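Undergrad: Using the numbering used here, the first residue of the sequence shown is number 56, and each one after it goes up by one. Beta carbons are placed, not taken as given, at the ideal position from N, Cα and C, and that holds for glycine. For clarity, every value in this text was computed on a predicted model and none was experimentally measured.
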Amino acid sequence: MFALDPRIEADSHPLADLTLSALRLKRDVRAPWCLLIPRRAGITELHHLEPADRAALMEEIARVSTAIETAFAVDKINVAALGNVVAQLHVHVVGRRRDDFAWPGPTMGVAGAVDYDEEALASARSALSGALGL
56 MFALDPRIEA DSHPLADLTL SALRLKRDVR APWCLLIPRR AGITELHHLE PADRAALMEE
116 IARVSTAIET AFAVDKINVA ALGNVVAQLH VHVVGRRRDD FAWPGPTMGV AGAVDYDEEA
176 LASARSALSG ALGL
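1) Buried or exposed: which applies to Leu73, given that a residue is buried once 16 or more other Cβ atoms fall within 10 Å of its Cβ?
2) Can you find the residues in the same chain that come closer than 6 Å, C-beta to C-beta, to Pro87, ignoring five residues on each side of it along the sequence?
3) Where are the beta strand (DSSP E) runs, 3 residues long or more, that stay fully inside the region 88-134, in chain order?
4) To which residues of the same chain is Leu104 closer than 8 Å at the C-beta, ignoring the five residues directly before and after it?
5) Enumerate in chain order the residues of its own chain whose CB-to-CB distance from Thr125 is below 7 Å, with the five nearest sequence positions on each side excluded.
6) So what's Ala175 in DSSP terms, helix, strand or just coil?
7) Using a threshold of 8 Å, state whether the C-beta atoms of Val140 and Leu91 are closer than that.
8) Check this for me: beta carbons of Ile116 and Val134, under 8 Å apart or not?
9) Please report the straight-line C-alpha distance between Arg79 and Met56, rounded to a whole angstrom.
10) Between which two residues does the beta strand (DSSP E) containing Ala208 stretch?
11) Taking the alpha carbon of Arg85 as the point to measure from, which residue in Arg152, Lys131, Glu174 has its own alpha carbon closest?
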């Protein structure tokens with residue numbers, strides 16, 4: 056049975072359940088940063104997914120990338136599935152701007168995350184939901 060890793064749950068806000076994945080927003084207002092977590096038990100690697108699930112995940116990554124690009128007018132989209140800290144398969148989709156807190160380096164591992172306040176969270180949820188057609 057699928058269960059969300061408690062570290063992912065603590066580090067992100069729920070957004071929606073897509074066909075395959077739980078979609079969550081990282082608790083860091085400094086960049087539009089989503090996580091896609093396939094709702095499959097015991098999966099730690101992309102190649103462990105069944106081919107149909109792997110294809111579905113790639114479509115969800117593209118869909119969320121487009122939504123972030125549309126909703127937040129970013130310069131670049133970064134996509135990563137590292138799993139060095141949390142082994143449960145999860146994919147980061149991060150909107151980047153040339154003037155963001157970590158440019159041109161990676162966002163992961165940069166200290167100083169700033170969680171959303173209620174208004175900013177509602178705004179980000181609304182923007183993403185609209186761009187995703189939810």
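TA: Concretely, from the data shown:
1) Start at 1 with the first residue of the sequence shown, and residue 73 comes out as number 18. With 16 or more other Cβ atoms within 10 Å, it is buried.
2) One-based indexing of the sequence shown puts residue 87 at position 32. Closer than 6 Å at Cβ, skipping near neighbours: Ile123, Phe127, Gly150.
3) 88-93
4) By 1-based counting over the sequence shown, the position of residue 104 is 49. These residues qualify, in order along the chain: Pro93, Arg95, Ile98, Leu112, Leu144.
5) As a first step, residue 125 must be located in the sequence shown, where it is residue number 70. Around Thr125: Ala186.
6) Taking the first residue of the sequence shown as 1, we reach residue 175 at position 120. Ala175 falls in the helix class under three-state DSSP.
7) In the sequence shown, residue 140 corresponds to position 85, counting from 1. In the sequence shown, residue 91 corresponds to position 36, counting from 1. Cβ atoms of Val140 and Leu91: not closer than 8 Å.
8) For the purposes of this step, residue 116 is taken as the residue at position 61 of the sequence shown. For the purposes of this step, residue 134 is taken as the residue at position 79 of the sequence shown. The answer is yes: Cβ separation under 8 Å.
9) Within the sequence shown, residue 79 is the residue found at index 24, counting from 1. Within the sequence shown, residue 56 is the residue found at index 1, counting from 1. Arg79 and Met56: Cα-Cα distance of roughly 19 Å.
10) As shown, the chain starts at 56 and ends at 189. That puts residue 208 outside it, with no answer to give.
11) For the purposes of this step, residue 85 is identified with residue 30 of the sequence shown, where counting begins at 1. Among Arg152, Lys131, Glu174, the Cα nearest to that of Arg85 belongs to Arg152.
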